[in-house]
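Worksheet: the structure to be examined is printed underneath.
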Amino acid sequence: MVKNNSIAKKSLKAHKFLNGKIEIVSKAPLKSIDDLSIYYTPGVGAVASYLSSHKKDVRIMTMKRNTVAIVTDGSAVLGLGNIGPEGAIPIMEGKAMIFKEFANINAFPIVLATQDINEIIKTVRYISPIFGGINLEDISAPRCFEIENALQDILDIPVMHDDQHGAAIATLAGLYNALKITKKSLANIKIVIVGAGAAGSGIAELLTAAKAKNILILDSKGIVSRQRTDLNSHKQRLASITNPNNIQGGLDEAVKNADVLIGVSGAGLIQPQHIKIMNTKPIVFAMANPVPEIMPADAKKAGAFIIATGRSDFENQINNSLVFPGVFRGALDNKVKKITTAIKLKAAKNLSMLVSKPTIHHIVPTVFDKRVVKTVAAAIRN
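The opening position of the sequence shown corresponds to residue 4 in our numbering, with each subsequent residue numbered one higher.
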């Protein structure tokens, strides 16, 4: 539940007034019989017949080349949980706005009234001909991994679960610059991730690919370790790439002497005492929305040296909105069919380099920096 503050009140009022944040507009005039004849009947019949036997030209003659589906079942909205498709609509509309405003991509929310894995896969497969890419969003783990993998195998267009990969790219970019300030290296620090869902898993995997050596990740039952017998196959994989010293316990045990604490879970899960037992110059990314794991003022008072959240009303916003417009802009323009680990690492590095002189108050650019989309898109190549 969003706290009843001034921003929440303004947002509720704005949404009621607008009746939704997006709409479809025509690219050509429809003012005369000639216009109607060209863009609809009878002229459109020739186009339809042509495309039925020249499918490769669909990208040229329809909206496919510049259109992305934002697909969700509303089962894992960060910070809000399983709120269902209706609750997810305004969030998906917001993502569509960001796609259009920052990357000039037409994105359409597809909110599904099912949380069945096979039904979701089938539905996306069936609607895919009109879309140039699929942005999966707010689908719970471990279902999201199976859905993404299946769709990547089935479809010939890029499929990216943004909660995993967008969040991971933004986090790595911010961490590169935070480490420059603290004069620490990724290979030599201890990183704790609170949350083993889609975002936490994506972050752990990308940080590992970036040569981080000592990562601990926690789920609702504590530190993920090879000793635990209650892990599903997804968490068993996480156990195999994290926790090299096989530490047991909860967050109290995990954060001792940690250099970095990343929250992608829920409000209030990080307490001041956790920060107090971290290493010198602790870095805290509390990224849950709409309420972070710890508020920045509380983190600073507890001794955090660099603080970031996922919110736009605090400094150092580490949010996937920095990433997904550029990723899909690059993928659509370069006909990229798969977003690989190498691409994600390059995107994170490119994003971090936009802040040439990072400070504790400025480790990532804002989404309004006009260089962001182009810089991320430049990493998206076959």
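Every residue gets a Cβ at the ideal spot worked out from N, C-alpha and C, and that includes glycine.
Taking the beta strand (DSSP E) that residue i belongs to, which residues open and close that run?
i: Val114; result: Asn109 to Val114
i: Met290; result: Element bounds for Met290: n/a, residue is neither H nor E.
i: Asp119; result: It is not in any beta strand (DSSP E) - Asp119 carries neither H nor E in the DSSP assignment.
i: Ala311; result: Ile309 to Thr312
i: Met163; result: Val162 to His164
Could you give the residue range of the alpha helix (DSSP H) that holds residue i?
i: Ala257; result: Leu254 to Ala257
i: Ala300; result: Pro299 to Lys304
i: Ala51; result: Gly46 to Ser56
i: Gly198; result: First-last for Gly198: undefined, no H or E at that position.
i: Phe134; result: First-last for Phe134: undefined, no H or E at that position.
i: Leu154; result: Arg146 to Ile157
i: Ala242; result: Ser236 to Ile244
i: Ile36; result: Ile36 to Tyr42
Enumerate in chain order the residues of its own chain whose CB-to-CB distance from residue i is below 6 angstroms, with the five nearest sequence positions on each side excluded.
i: Thr369; result: none
i: Asp165; result: Asn138, Glu140, Asn323 and Phe327
i: Gly200; result: Ala144
i: Thr185; result: Lys284
Where does residue i land, buried or exposed, given buried means 16+ other C-beta within 10 angstroms?
i: Tyr179; result: buried
i: Gly252; result: exposed
i: Phe20; result: exposed
i: Gly266; result: buried
i: Ser131; result: buried
i: Ile133; result: exposed
i: Ile113; result: buried
i: Thr312; result: buried
i: Arg374; result: exposed
i: Leu335; result: buried
i: Phe371; result: exposed
i: Asn7; result: Any reading at Asn7 must be qualified, since the residue scores a pLDDT of 46, below 50, and its modelled position is unreliable; the value itself is stated next. With fewer than 16 other Cβ atoms within 10 Å, it is exposed.
Using DSSP with H/G/I as helix, E/B as strand and the rest coil, what is residue i?
i: Asp222; result: strand
i: Lys1; result: Because residue 1 is not part of the residues shown, which for the chain are 4 to 385, the question remains open.
i: Ile280; result: coil
i: Lys24; result: coil
i: Gly266; result: strand
i: His18; result: helix
i: Thr185; result: helix
i: Ala261; result: coil
i: Pro384; result: It is Arg, not Pro, that sits at residue 384 in the sequence shown. Three-state DSSP puts Arg384 in coil, outside helix and strand.
i: Val227; result: coil
i: Lys67; result: helix
i: Thr232; result: coil
i: Ala212; result: helix
Looking at the strands, I want to know which residues DSSP matches up with residue i.
i: Gln320; result: Thr312
i: Lys84; result: Lys is not the amino acid found at residue 84; the sequence shown has Gly there. In the DSSP output, where bridge partners are listed per residue, Gly84 has Val80.
i: Leu193; result: First, the amino acid is wrong: residue 193 is Lys here, not Leu. Beta-bridge pairing links Lys193 to Asn217.
i: Leu139; result: Val74 and His164
i: Thr174; result: According to DSSP, which records beta bridges pairwise, Thr174 is partnered with nothing at all.
i: His365; result: Thr362
Near residue i, which residues of its chain fall below 7 angstroms by C-beta distance, leaving aside the five closest residues on each side in sequence?
i: Ile25; result: Glu96, Ala99 and Met100
i: Ile280; result: Val258 and Lys259
i: Ile220; result: Ile196, Ala199, Gly203, Ala207, Val227, Leu241 and Thr245
i: Pro32; result: Asp38
i: Val5; result: Confidence at Val5 is low in this model, with a pLDDT of 46, below 50, so its placement is unreliable and no value can be given for it.
Excluding the 5 residues preceding and the 5 following residue i in the sequence, name in chain order all residues of the same chain whose CB lies nearer than 8 angstroms to its CB.
i: Thr1; result: The chain is shown only over 4 to 385; residue 1 falls outside these bounds and no answer can be derived.
i: Asp301; result: Pro275
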